[in-house]
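S.K.: Protein chains in written order, with the numbering used here: chain A, 3 to 268; chain B, 2 to 388. Backbone N, C-alpha and C define an ideal beta-carbon position, used for all residues, glycine too.
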């Protein structure tokens, strides 16, 4: 996790809030550093994490995780982390027909299916088991990313349904958290993506949006990070507080600063 | 001027060692398993595959694209297990060159090839590959070009200047242990090189004529057959580590031409709302899954300028690892623009993957132009005249 980002979000692994849906969003840039941050954050917070990794292979996340101070292999062996590797599973389902329902079963189907099997997988992975051993703090579902599901033929409504079911079970029932990454297609006129993004923005408690700079590529600033708090838990705090920072990603950390008023000279 | 520590193949291992020592993180360099391979295969054996080298940054196994200037721009080469998507130029004149360079590099390095096309027989494609240049003749090409250039002689190869200092090696057959070779487009590759290479061809009209009894899936039949063919080769030849008895590991280079064009049975280039709109993206996803679990690298050329639906282009870009776009000046107003008179087109590096890392080596240079000379395809920093 990035301590700088924790400061901006005003959280620590020990005091992580529960029952929240966090939306990660990127536009014109790569927002995967946010996924790595939250993955290592919740593992350090001693939560039980179900990671639906649809974009990269497990070893990629593992290697970045090690830079951020967590070992995904150890967490997986301990039972703290359950990973669904999308790329590997896709090859398995596609070429070797499976008998039992598989979470990514919709890949074999001609019509856009629903994500019931995927939800069942998440539910089985995060179900609190009281067998007396060291209990994890709270269940967390992390999805990287939901836009890939749209590319694979699932409709935006089905994806929204899936998130809704996960929220109802993980956030409400089990007092856990859900974090998901969605790409903002910007001016690519992707209606399905817009439906998904708008639908999720309304449901989220916290939105982190990584945007590429409007002026184009810059070596010192990789982008702009917008943090939007919605639905604060205390009624006294003002609604919809938002902050904007500019960030630069380094090898193992991130450097954030207030946006300067002067345009950068290249 | 030449940073002696980092150029040339002989010094690459020491260069990497220096990097490891300075970051004080020996484990991340020390062959932590190039992410691409099946994680259970022995890591130590992977470094010794001909025509590959580990990336200086994170030990990622890289192969050359066949164009050393492009390797530079992509951070050293193409990572094994990833997809390089070339967005074709409008009249498909220059993208086949990049395709051929990739395949020719595979033959010269001794890699296995898998060539898929819906338009041209793979055997014909292989016949038309450019001939590799041996070191002495390349130096002669350099000198000829430099003399004939009326302007400053050091414009050429501004980005790939390291490669101009080729080691003075033997004048014999091309050494295949080198990383990245130069090719002469005006000459064809020697027949014996093709014959000694291991290649598999997928020509769509031949494969699709036989009756197929695959269950209905939202992939078009052409893509379905191609995926099965690729998976079959990877499994049979053991590129996914499934056959540990194989003595020598090798890389499989996959080349797919004109993916998405109507010849593949996909109407994504014809209409805006097509029935098979998810076919191409599903294909890319499963292909990447196959690549990630095997020792292979893939180049795909795609006529993205024909795709009507911009959302699809964005999705295709997200599903690929490295994306390079070619924009030729033919027929556009840039052809007569004096700014661009020395060049044939622009090359855009649209996306570079961050693999096993939070950051990547991004080149500071953003204005890149290419030029097709009589024998060579070169990429240069755009020289803005008159400023």
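Have a look at residue 340 (chain B) and residue 263 (chain B) and give me their C-alpha separation to the nearest angstrom.
M.R.: One C-alpha to the other measures close to 36 Å.
S.K.: Flag residue 65 (chain A) as yes if its beta-carbon sits less than 8 Å from any beta-carbon of chain B, otherwise no.
M.R.: Output row for residue 65 (chain A): interface = yes.
S.K.: Please tell me whether residue 153 (chain A) has its Cβ less than 8 Å away from any Cβ of chain B.
M.R.: Residue 153 (chain A) counts as touching chain B.
S.K.: Under 8 Å, Cβ to Cβ, is there at least one residue of chain B near residue 320 (chain A)?
M.R.: Nothing can be reported for residue 320 (chain A): it is not among the residues displayed for chain A, which extend from 3 to 268.
S.K.: Can you pull the chain A neighbours of residue 360 (chain B), defined as C-beta to C-beta under 8 Å?
M.R.: Near residue 360 (chain B) (Cβ distances below 8 Å), the residues of chain A are 251, 252, 253.
S.K.: Given a cut-off of 8 Å, decide if residue 45 (chain A) and residue 72 (chain A) are closer than it, judged by their beta-carbon atoms.
M.R.: In this structure, residue 45 (chain A) lies closer than 8 Å to residue 72 (chain A) by Cβ.
S.K.: Measure the CB-CB distance between residue 256 (chain B) and residue 116 (chain B) and report whether it falls below 8 Å.
M.R.: Going by C-beta atoms, residue 256 (chain B) is nearer than 8 Å to residue 116 (chain B).
S.K.: Given this structure, state the Cα-to-Cα distance separating residue 201 (chain A) from residue 162 (chain A), to the nearest angstrom.
M.R.: Each residue's alpha carbon lies about 7 Å from the other.
S.K.: In the stretch 189 to 207 of chain A, which residues sit with their C-beta less than 9 Å from some C-beta in chain B, listed in chain order?
M.R.: Within the stretch 189 to 207 of chain A, the residues whose Cβ lies closer than 9 Å to some Cβ of chain B are 189, 190, 191, 192, 193, 194, 195, listed in chain order.
S.K.: Beta strand (DSSP E) containing residue 188 (chain B): first to last residue?
M.R.: Its beta strand (DSSP E) spans residues 184 to 189.
S.K.: Under DSSP, the alpha helix (DSSP H) around residue 64 (chain A) begins and ends at which residues?
M.R.: Unbroken alpha helix (DSSP H) run through residue 64 (chain A): 60 to 69.
S.K.: Report yes if the C-beta distance between residue 323 (chain B) and residue 85 (chain B) is below 8 Å; otherwise report no.
M.R.: It is a contact, given that the beta carbons lie within the stated cut-off.
S.K.: Checking 8 Å against the spacing of the C-beta atoms, do residue 349 (chain B) and residue 372 (chain B) come in under that value?
M.R.: No. Outside cutoff.
S.K.: Could you check whether residue 71 (chain B) and residue 380 (chain B) sit closer than 8 Å to each other, using their CB atoms as the reference points?
M.R.: Result yes, Cβ atoms of residue 380 (chain B) and residue 71 (chain B) sit closer than 8 Å.
S.K.: Unbroken beta strand (DSSP E) runs of length 3 or more, entirely within the stretch 284 to 368 of chain B: which are they?
M.R.: Those beta strand (DSSP E) runs which fall completely within the stretch 284 to 368 of chain B and span 3+ residues are 297 to 303, 323 to 329, 346 to 352.
S.K.: Among A:54, A:75, A:111, A:92, which residue has its Cα nearest to the Cα of residue 121 (chain A)?
M.R.: Checking every option, the nearest Cα to that of residue 121 (chain A) belongs to A:54.
S.K.: Could you give the first and the last residue of the continuous beta strand (DSSP E) run that contains residue 186 (chain A)?
M.R.: Residues 179 to 186.
S.K.: Any Cβ of chain A within less than 8 Å of the Cβ of residue 383 (chain B)?
M.R.: By this cut-off, residue 383 (chain B) is not an interface position.
S.K.: Please name the residue in A:257, A:150, A:125 whose C-alpha comes closest to that of residue 52 (chain A).
M.R.: Checked all of A:257, A:150, A:125; the closest Cα to residue 52 (chain A) is A:125.
S.K.: Residue 255 (chain A) by DSSP, collapsed to three states: which one?
M.R.: Residue state, collapsed to three classes: coil.
S.K.: I need the straight-line Cα distance from residue 173 (chain B) to residue 134 (chain B), nearest angstrom please.
M.R.: Note on residue 173 (chain B): pLDDT 33, under 50, position unreliable in the model; no value is reported.
S.K.: Please list, in chain order, all residues of the same chain as residue 114 (chain A) whose beta carbon is under 6 Å from its beta carbon, the five residues on each side excluded.
M.R.: The answer, listed in chain order, is 155, 156, 157.
S.K.: Relative to the C-alpha of residue 159 (chain A), which candidate in A:13, A:172, A:194 has its C-alpha closest?
M.R.: Nearest option by C-alpha distance: A:194.
S.K.: Spell out the partners DSSP gives residue 50 (chain A) in its beta bridges.
M.R.: DSSP output for residue 50 (chain A) lists A:141 as bridge partner(s).
S.K.: Mind checking the stretch 275 to 291 of chain B against chain A and listing, in chain order, the residues whose C-beta falls within less than 7 Å of any C-beta there?
M.R.: If the cut-off is 7 Å between Cβ atoms, the stretch 275 to 291 of chain B has 279, 282, 283, 286, 287, 289, 290, 291 near chain A.
S.K.: Which term fits residue 212 (chain A), buried or exposed, when burial requires 16 or more other beta carbons within 10 angstroms of its beta carbon?
M.R.: Buried.
S.K.: Short of 8 Å in beta carbon distance, which residues of its chain neighbour residue 305 (chain B), apart from the five on each side in sequence? Order them along the chain.
M.R.: So the qualifying residues of the chain are 88, 89, 261, 314, 317, 326.
S.K.: Checking 8 Å against the spacing of the C-beta atoms, do residue 148 (chain A) and residue 198 (chain A) come in under that value?
M.R.: It is a contact, given that the beta carbons lie within the stated cut-off.
S.K.: How about residue 92 (chain B) and residue 331 (chain B): do their beta carbons lie closer than 8 Å?
M.R.: Closer than 8 Å, so yes.
S.K.: Which residues, in chain order, does the stretch 75 to 104 of chain A contribute to contact with chain B at a C-beta distance below 7 Å?
M.R.: For the stretch 75 to 104 of chain A, which is checked against every Cβ of chain B, the residues closer than 7 Å are 89, 90, 92, 93, 96, 97.
S.K.: Buried or exposed for residue 131 (chain A), please, with buried defined as at least 16 other CB atoms from any protein chain shown within 10 angstroms of its CB.
M.R.: Burial call: exposed.
S.K.: Secondary structure at residue 208 (chain B), three-state DSSP: helix, strand or coil?
M.R.: Correct three-state label for residue 208 (chain B): helix.
S.K.: In the structure shown, what three-state DSSP assignment does residue 100 (chain A) receive?
M.R.: Of the three classes helix, strand and coil, the one that applies to residue 100 (chain A) here is coil, per DSSP.
S.K.: Where do the N-terminal and C-terminal ends of the alpha helix (DSSP H) with residue 128 (chain B) fall, by residue?
M.R.: Per DSSP, residue 128 (chain B) belongs to the alpha helix (DSSP H) from 123 to 128.
S.K.: Are the stretch 176 to 185 of chain A and the stretch 14 to 31 of chain A touching by the rule of at least three beta carbon pairs closer than 8 Å?
M.R.: The stretch 176 to 185 of chain A is in contact with the stretch 14 to 31 of chain A.
S.K.: What's the gap between the Cα of residue 97 (chain A) and the Cα of residue 123 (chain A)?
M.R.: Looking at the two C-alpha atoms, the distance is approximately 21 Å.
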